[in-house]
Amino acid sequence: MQIKLVPTLIIATLLAGCSGAPSESEVRDALSREMTLQTPSFLQVDIPGVVAKIKVLGCSKADTSGYLCDIQGVEGQVSGMRFIKTDKGWSVARK
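Next comes the structure, spelled out in structure tokens:
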């Protein structure tokens, strides 16, 4: 009985890691990609430096798809953003 339980627990753990809200590093990666796309090249913005200071306060399942995450910015402002899982990882959802 115990021998059958071990593979089941391993599979459950692996599946749990595949689903759920994005991690803080996944949110930062998605924000970095989004900021790179949205920031004109003539502006000299330290995107990695800005993204490193962002804090994820928490995420919850969105009503539509993806996850709503509360993000604290560099100057302490808090905003909500929706993230969706794509074939390239997590992305910031545009409305």
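Count along the sequence shown from 1, then add 233; that gives the number in our numbering.
Glycine residues also receive a C-beta, built at the ideal position from the N, C-alpha and C atoms.
Run of the alpha helix (DSSP H) containing Gly282, from where it starts to where it stops | Ile280 to Ala285 is the extent of the alpha helix (DSSP H) around Gly282.
Cut-off 6 Å between Cβ atoms - residues of its own chain near Ile244, not counting five sequence neighbours on either side: Any reading at Ile244 must be qualified, since the residue scores a pLDDT of 47, below 50, and its modelled position is unreliable; the value itself is stated next. Taken in chain order, the list of residues that qualify is empty.
- request: Name the residue from Gly282, Ser274, Val278 and Ala295 whose alpha carbon lies nearest to the alpha carbon of Val325.
  value: Ala295
From Ile280 to Asp320, what distance separates their C-alpha atoms? 23 Å
Which residues does DSSP list as the beta-bridge partners of Thr319? Gly322
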